[in-house]
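Please read the structure below before turning to the comments.
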Amino acid sequence: MGKIQLKSVTKAFGGVKVIPNLDLDIEDGEFVVFVGPSGCGKSTLLRLIAGLEDMTSGTILIDGKDATNLPPAQRRLAMVFQSYALYPHMSVRKNIAFPLMMAKMDKAEMNRRVENAAKILNLADYIDRRPGQLSGGQRQRVAIGRAIVREPAAFLFDEPLSNLDAALRVGMRLEISELHQRLKTTMIYVTHDQVEAMTMADKIVVLRAGNIEQVGSPLELYSRPRNTFVAGFIGSPKMNLMSGAHARQHDAATVGVRPEHMDLSTSDGLWRGEVKVAEHLGSDTFLHVDSKDHEEPLTVRANGEFQVKAGDVVYMTPQADKMHRFDDKGLAIG
Amino acid sequence: MARQVSRQRKIGMTILAWFVGFLIFFPILWTFLTSFKTELTAISIPPQFLFFDWTTENYVNIQAQANYFHFMMNSIYLALGSTVLGLIFAIPAAWAMAFSPTKRTKDVLLWMLSTKMLPAVGVYIPIYLLFINLGLLDSRLGLIIVLFLINLPIMVWMLYTYFKEIPVDILEAARMDGATLRQEITQILAPMAVPGIASTVLLNVILAWNEAFWTLNLTTSNAAPLTAFIASFSSPQGNFYATLSAASMLAIAPILIVGWFSQKQLVRGLTFGAVK
Chain A
1110 MGKIQLKSVT KAFGGVKVIP NLDLDIEDGE FVVFVGPSGC GKSTLLRLIA GLEDMTSGTI
1170 LIDGKDATNL PPAQRRLAMV FQSYALYPHM SVRKNIAFPL MMAKMDKAEM NRRVENAAKI
1230 LNLADYIDRR PGQLSGGQRQ RVAIGRAIVR EPAAFLFDEP LSNLDAALRV GMRLEISELH
1290 QRLKTTMIYV THDQVEAMTM ADKIVVLRAG NIEQVGSPLE LYSRPRNTFV AGFIGSPKMN
1350 LMSGAHARQH DAATVGVRPE HMDLSTSDGL WRGEVKVAEH LGSDTFLHVD SKDHEEPLTV
1410 RANGEFQVKA GDVVYMTPQA DKMHRFDDKG LAIG
Chain B
8 MARQVSRQRK IGMTILAWFV GFLIFFPILW TFLTSFKTEL TAISIPPQFL FFDWTTENYV
68 NIQAQANYFH FMMNSIYLAL GSTVLGLIFA IPAAWAMAFS PTKRTKDVLL WMLSTKMLPA
128 VGVYIPIYLL FINLGLLDSR LGLIIVLFLI NLPIMVWMLY TYFKEIPVDI LEAARMDGAT
188 LRQEITQILA PMAVPGIAST VLLNVILAWN EAFWTLNLTT SNAAPLTAFI ASFSSPQGNF
248 YATLSAASML AIAPILIVGW FSQKQLVRGL TFGAVK
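Going line by line, the protein sequences match chains A and B. Residues are numbered in my numbering as their position in the first sequence, beginning at 1, plus a constant of 1109. Residues are numbered in my numbering as their position in the second sequence, beginning at 1, plus a constant of 7.
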């Protein structure tokens, strides 16, 4: 079981309110991702849940029981750190067994769990090595192993992949998702990378300045962003946000169109523009287009076979039904 | 581009370095040589450098006059006792300052160091009186406490700089894994800081071994360490330099050997954190 509830949680460092007031329910077995720009309080929030920081006020319930004043070890939560935080003077086996040793677990059961974790994570060949002799990906797996042996109520991940190179990151992302499917344990995952958030989460919590901007499934956030911040943050490349005359035509203060929701043509369309940069990814091509009709350059996604280069003239037409409208406070209309 | 250093300059600097090194080492060398001379050759003018009749009679005389072993054991007790006691206090103190600092931590550290700048003689009379009242005069325990207290600031400082290098994440991971504060310090922090703790121990042993003011002034015979052993050969009949040199060699030999073998760690310990 791993249901976690935060009630009117606040946190201040000195006089600075990092989390002004926050309520959040995390259901048992959910994969929840906290995402937001750096300094939005997502790591602080995770550390509050872990018990590594004390809340300024508010309550945290784990499986319905008040855990506000429990020390980290008694919350039955396991954490995976960005820096892996392995114990460098212990072998992989001892690293993984450490939480069980602290719990004074019976030797046979301890060995069984360590062996099992090592098998799940493909660590069996390295089990007697020290962390210093492992690659980044292997170290991260040891850190995950140390978390799973405890059979915790929930896993907390603090940007676990950001120290890995891009190729490994994609692989580990998949491994963590698979692990979640296999264990069905609650996981809370902090990242600033919206791609990680979109690909892994059951539920995304978008944070800005310690406030929750929106909570929802990846596709909800993508198709129905509650405000301009979420609209700009979720999706890659970013949504084109336009104000002024274009927005007024649609009775809004701001309208947004995603790069993939624009029809592109070399002959005619609503807006004429000149291609500034064309990024060819093979399957797709992203065009950054300067248009006289717009203050900011527009980003448009084209099919990878669309033949275009910098300096070419293109015409763009937004798909009307995929357009997002926002009022003057930045909140979505309709 | 790497800075060009001319060959001449290199040779010049090497000679200079050796010269300075020799200058610093010379008193020890001279004491060593004198300890093998007769009292007469020891004060002969001009001084004789290497070509004299080497004799071990000074060492034999010393063994006959004083119980070297008694003094050496006292030195060992004092050095190790004050160091162990120091670690027991300095490790938790350095842990608190490195991982749970407050606004005043820097000030506390500076204040602690400033006590090292106080002239020892300034507190001599109060401490002497205190020792009389507590019955600690000429006791090992009393001296261990004094040596522990005067070296504690340095131990805390050294350990603090070492601990600062250890990522706090690792300690937090231990906390999540269910380690108590004591387990966190003894099973995670201390093993990771072994090099730092070792050089702290080494430096403290050397400082305690060489400490002369308190060891001379607070002991008579029972707790007297090797510093008092040397002093006992500076006799009222005038100084017998050869005997005195032999006594000095016996007193400094153990720590000289320890220092020689551990100089790498010592240098690293003293500069750790400063250069990196």
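Cβ atoms here follow ideal geometry from the backbone N, Cα and C, with glycine treated the same way.
Rounded to whole angstroms, what is the Cα-Cα separation between residue 1092/A and residue 1342/A? Nothing can be reported for residue 1092/A: it is not among the residues displayed for chain A, which extend from 1110 to 1443.
Separation of residue 219/B from residue 235/B, as counted between CA atoms: Translated into the one-based positions of the second sequence, residue 235/B becomes position 228. Translated into the one-based positions of the second sequence, residue 219/B becomes position 212. About 8 angstroms.
Could you say if the stretch 1250 to 1261 of chain A and the stretch 1183 to 1193 of chain A meet the contact criterion of at least three C-beta pairs nearer than 8 angstroms? The count of Cβ pairs closer than 8 angstroms, one atom from the stretch 1250 to 1261 of chain A and one from the stretch 1183 to 1193 of chain A, reaches three, so the stretches are in contact.
Just to make sure I have the definition right: I need the residues of chain A whose C-beta is within less than 7 angstroms of the C-beta of residue 177/B. Which are they? For the purposes of this step, residue 177/B is taken as the residue at position 170 of the second sequence. What residue 177/B touches in chain A: 1194, 1196.
Alpha carbon of residue 1328/A to alpha carbon of residue 1349/A, nearest angstrom: Position 219 of the first sequence, counting from 1, holds the residue named residue 1328/A. Position 240 of the first sequence, counting from 1, holds the residue named residue 1349/A. In a straight line, the C-alpha of residue 1328/A is about 18 angstroms away from that of residue 1349/A.
Rounded C-beta distance between residue 1159/A and residue 1181/A? I'm assuming under 8 angstroms. The sequence position of residue 1159/A within the first sequence is 50, counting from 1. The sequence position of residue 1181/A within the first sequence is 72, counting from 1. Taking the Cβ atoms as the reference, residue 1159/A lies roughly 6 angstroms from residue 1181/A, within the contact range of under 8 angstroms.
Same chain only: Cβ atoms within 8 angstroms of residue 87/B, ignoring 5 sequence neighbours per side: Here the question's residue 87/B lines up with position 80 in the second sequence. Here the set comprises 212.
Rounded distance between the beta-carbons of residue 82/B and residue 158/B, thought under 8 angstroms: The residue given as residue 158/B occupies position 151 in the second sequence. The residue given as residue 82/B occupies position 75 in the second sequence. Contact between residue 158/B and residue 82/B is ruled out by a C-beta separation of about 15 angstroms, above the 8 angstroms threshold.
Under 7 angstroms from the C-beta of residue 185/B: neighbouring residues of chain A: Position 178 of the second sequence, counted from the start, is the residue given in the question as residue 185/B. Chain A residues near residue 185/B: 1182, 1208, 1211, 1212.
CA nearest to the CA of residue 1135/A, picked from 1116/A, 1398/A, 1207/A: Indexing the first sequence from 1 puts residue 1135/A at position 26. Out of 1116/A, 1398/A, 1207/A, 1116/A has the C-alpha closest to the C-alpha of residue 1135/A.
Simplified DSSP assignment, three categories, for residue 162/B: In the second sequence, counting from the first residue as 1, residue 162/B sits at position 155. Collapsing the DSSP output to three states places residue 162/B in a helix.
According to DSSP, simplified to helix, strand and coil, what is residue 1240/A? In the first sequence, counting from the first residue as 1, residue 1240/A sits at position 131. Secondary structure at residue 1240/A: helix, using DSSP grouped into helix, strand and coil.
On the DSSP bridge assignment, give the partners of residue 1220/A in chain order. The count along the first sequence starts at 1 and reaches residue 1220/A at position 111. DSSP output for residue 1220/A lists no bridge partner at all.
May I ask which residues mark the beginning and end of the beta strand (DSSP E) holding residue 1393/A? Counted from its first residue, the first sequence places residue 1393/A at position 284. Segment 1393 to 1400, the beta strand (DSSP E) holding residue 1393/A.
By the DSSP assignment, the beta strand (DSSP E) with residue 1298/A in it spans what residues? Your numbering for residue 1298/A matches position 189 in the first sequence. Looking at the DSSP string, the run of the beta strand (DSSP E) that includes residue 1298/A is 1295 to 1300.
Residue 1190/A touches chain B at which residues, Cβ-Cβ below 7 angstroms? In the first sequence, the residue the question calls residue 1190/A occupies position 81. Ordered by position in chain B, the residues that pass the 7 angstroms Cβ test against residue 1190/A are 176, 180.
If you drop the 5 nearest sequence neighbours on each side, which residues of the same chain put their C-beta closer than 7 angstroms to that of residue 1139/A? Counted from its first residue, the first sequence places residue 1139/A at position 30. Within the same chain, 1295, 1311, 1312 come within 7 angstroms of residue 1139/A by CB-CB distance, once the 5 residues on both sides are set aside.
How about residue 1226/A: is its C-beta nearer than 8 angstroms to some C-beta of chain B? Your numbering for residue 1226/A matches position 117 in the first sequence. Not an interface residue.
Backbone CA spacing between residue 1199/A and residue 1219/A [nearest angstrom]: Position 90 of the first sequence, counting from 1, holds the residue named residue 1199/A. Position 110 of the first sequence, counting from 1, holds the residue named residue 1219/A. Their backbone Cα atoms lie some 16 angstroms apart in a straight line.
Is it a yes or a no for the stretch 191 to 211 of chain B touching the stretch 125 to 134 of chain B, going by three-plus beta-carbon pairs under 8 angstroms? No contact exists between the stretch 191 to 211 of chain B and the stretch 125 to 134 of chain B.
Residue 1314/A and residue 1133/A closer than 8 angstroms at C-beta: For the purposes of this step, residue 1314/A is taken as the residue at position 205 of the first sequence. For the purposes of this step, residue 1133/A is taken as the residue at position 24 of the first sequence. Taking 8 angstroms as the Cβ cut-off, residue 1314/A and residue 1133/A qualify as a contacting pair.
Between the Cα of residue 151/B and those of 190/B, 118/B, 167/B, 222/B, spot the shortest distance and give me the residue it belongs to. As a first step, residue 151/B is located in the second sequence; it is residue number 144 there, counting from the start. Minimum Cα distance to residue 151/B is reached at 222/B.
Can you pull the chain B neighbours of residue 1275/A, defined as C-beta to C-beta under 8 angstroms? Along the first sequence, one-based indexing puts residue 1275/A at 166. Think of a sphere of 8 angstroms around the beta carbon of residue 1275/A: no beta carbon from chain B falls inside it, the nearest being about 23 angstroms out.
Within 8 angstroms (strictly less), CB to CB, does residue 198/B reach chain A? Counting from one through the second sequence, the residue named residue 198/B turns up at place 191. Closer than 8 angstroms: yes.
Using DSSP's beta-bridge definition, name the partner residues of residue 16/B. On the second sequence, position 9 is the one that residue 16/B refers to. Paired residues: none, contrary to the question.
Measuring alpha carbon to alpha carbon, tell me which of 123/B, 79/B, 57/B, 192/B ends up nearest residue 177/B. The count along the second sequence starts at 1 and reaches residue 177/B at position 170. The shortest C-alpha separation from residue 177/B is found at 192/B.
Along the chain, where does the beta strand (DSSP E) containing residue 1363/A start, and where does it finish? If you number the first sequence from 1, residue 1363/A lands on position 254. Counting along the chain, residue 1363/A sits inside the beta strand (DSSP E) bounded by residues 1363 to 1366.
Chain-order list of residues whose beta-carbon lies under 7 angstroms from that of residue 249/B (same chain, five-residue window excluded): On the second sequence, residue 249/B is found 242 positions in, with the first residue counted as 1. Cβ within range, chain order: 41, 42, 44, 45, 46, 49, 65.
Residue 1323/A in three-state terms, based on DSSP: Sequence index remark: in the first sequence, residue 1323/A carries index 214 (1-based). Three-state result, residue 1323/A: strand.
Which residues of chain A have a Cβ atom closer than 8 angstroms to the Cβ of residue 190/B, listed in chain order? For the purposes of this step, residue 190/B is identified with residue 183 of the second sequence, where counting begins at 1. The contacting residues are 1211.
Give me the chain B residues within the contact set of residue 1161/A, using Cβ-Cβ distance strictly less than 9 angstroms, ordered along the chain. Within the first sequence, the letter at position 52 stands for residue 1161/A. For the C-beta of residue 1161/A, the chain B residues within less than 9 angstroms are, from N- to C-terminus, 179, 182, 183.
Looking at the C-beta of residue 17/B, does it have a partner C-beta in chain A at a distance below 8 angstroms? For the purposes of this step, residue 17/B is taken as residue 10 along the second sequence, with counting starting at 1. At a cut-off of 8 angstroms, the C-beta of residue 17/B has no neighbouring C-beta in chain A.
Which of the three DSSP states is assigned to residue 281/B in this structure? Counted from its first residue, the second sequence places residue 281/B at position 274. Interpretation of residue 281/B is limited by its pLDDT of 42, a score under 50 that renders its predicted location unreliable; the figure taken from the coordinates is listed afterwards. Residue 281/B sits in coil when the DSSP states are folded into three classes, being neither helix nor strand.
For residue 1156/A, which residues of its own chain have a beta-carbon under 6 angstroms away from its beta-carbon, when the five flanking residues on both sides are left out? Translated into the one-based positions of the first sequence, residue 1156/A becomes position 47. These residues qualify, in order along the chain: 1162.
Report, in whole angstroms, the separation of the C-beta atoms of residue 1409/A and residue 1398/A, which I expect to be a contact under 8 angstroms. Counted from its first residue, the first sequence places residue 1409/A at position 300. Counted from its first residue, the first sequence places residue 1398/A at position 289. Right, their Cβ atoms sit about 6 angstroms apart.
Assigned secondary structure, residue 1408/A (DSSP; H/G/I helix, E/B strand, else coil): Counting from one through the first sequence, the residue named residue 1408/A turns up at place 299. Under the three-state reduction of DSSP, residue 1408/A is assigned to strand.
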